[in-house]
Structures are given as structure tokens and as C-alpha cells.
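Step one of this worksheet: look at the structure below.
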Amino acid sequence: MRYLLIVHVDRALIGRLSPEEGRDLTRRCMAADDELRRSGHLIACGPLAEPETGRIVLRRGDRTTVTDGPYAETKEHLGGFILIEARDMDEATAIAARSPMAAMGSIEVREQPPMG
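Each residue of the sequence shown is one higher than the one before, counting from 453 in this note's numbering.
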């Protein structure tokens with residue numbers, strides 16, 4: 453079964469990291485990704501740029517509206533994703549708990565239902 457680990461980053465927590473701590477967090481995240489790859493769990497993963505760099509696209513009928521920046525002001529923002537293969541929700545949750553990013557906000561675990 454596939455699960456999407458949705459990484460939410462707490463701006464206050466990540467903002468307190470020194471440059472060296474930030475580099476260490478990146479190294480630990482990459483090592484965790486490598487371990488998931490070796491174990492056969494990792495399908496895809498990636499970080500996202502800050503929400504201010506994004507755009508919101510809304511289409512209602514024939515009208516499309518594009519705005520810059522985040523949709524809403526929040527304490528946390530979407531910081532990245534990890535798509536994994538796990539035998540069940542318990543294993544997926546355990547994998548999320550081992551992620552170094554779990555200490556920088558929260559990780560939402562969602563099952564990808566079978567298609568078709």
C-alpha cells in the first residue's frame with residue numbers, strides 16, 4: 453500500500469536553527485531518505501520552496517484567478533513530501549515518526565487508495 457507523508461514545517465522551530473544545525477538537519481533527512489530507499493519503502497520524496505514563492509490558481513467556471521503567495525497565514529506550512537510503500541498504516545506511521553522533520557513540525561500520513 454502507498455502512503456503519502458506530508459511534511460508540515462513549523463516556522464518558529466525551523467527558524468531557531470543555526471546555519472550549522474540547518475545543514476545537519478539536511479544531512480539527516482538525506483540519510484533517512486537513503487535508508488528508506490535501501491529498505492525498499494521510498495517511492496519519491498522532495499522538499500518544497502517557501503510558501504511565499506508559490507501561486508494559488510482558482511478556476512470557477514470560465515474564470516481563472518492567479519494570486520501570489522500562500523493561501524492562508526498559518527503557523528506551519530507544507531515543506532515537502534515522502535511517498536512510501538508500507539504494509540499498513542502502522543508501518544507508515546512508524547516510518548513518519550523516524551523522520552528528522554517530525555521534530556520540525558508534523559507529518560501527516562495519508563493512504564493512497566487503489567486507483568480504478
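For each residue, glycine too, the CB sits at the ideal point set by N, CA and C.
Which same chain residues end up closer than 6 Å to residue i when comparing Cβ atoms and leaving out the 5 residues on each side of it in sequence?
| i | result |
| --- | --- |
| LEU510 | THR517 |
| PRO503 | PRO522, HIS529 |
| GLY557 | HIS460, VAL461, ASP462, GLU528 |
Looking only at its chain, what residues have a beta carbon closer than 7 Å to the beta carbon of residue i, apart from the 5 residues adjacent to it on each side?
| i | result |
| --- | --- |
| LEU456 | PHE533, LEU535, ARG562, GLN564 |
| ARG480 | PRO552 |
| ASP542 | none |
By DSSP's criteria, residue i is part of a beta bridge. Which residues make up the other side?
| i | result |
| --- | --- |
| PRO499 | GLY532 |
| ASP462 | GLU528 |
| ARG507 | ASP520 |
| ARG454 | GLU537, GLN564 |
| ARG512 | ARG515 |
Should residue i be labelled buried (16 or more other beta-carbon atoms within 10 Å of its own) or exposed?
| i | result |
| --- | --- |
| GLY498 | exposed |
| LEU465 | exposed |
| ALA538 | buried |
| MET567 | exposed |
Could you round the C-beta distance between residue i and residue j to whole angstroms and report it? I think they count as a contact, below 8 Å.
| i | j | result |
| --- | --- | --- |
| LEU488 | ILE547 | 7 Å |
Cutting at 8 Å between CB atoms, please list the residues of its own chain near residue i, excluding the five before and the five after it.
| i | result |
| --- | --- |
| ARG463 | LYS527, GLU528, HIS529 |
For this session: Just list the alpha helix (DSSP H) runs in the stretch 535 to 562, keeping only unbroken ones of 4 residues or longer that don't cross its boundaries, in chain order.
Result: 541 to 550
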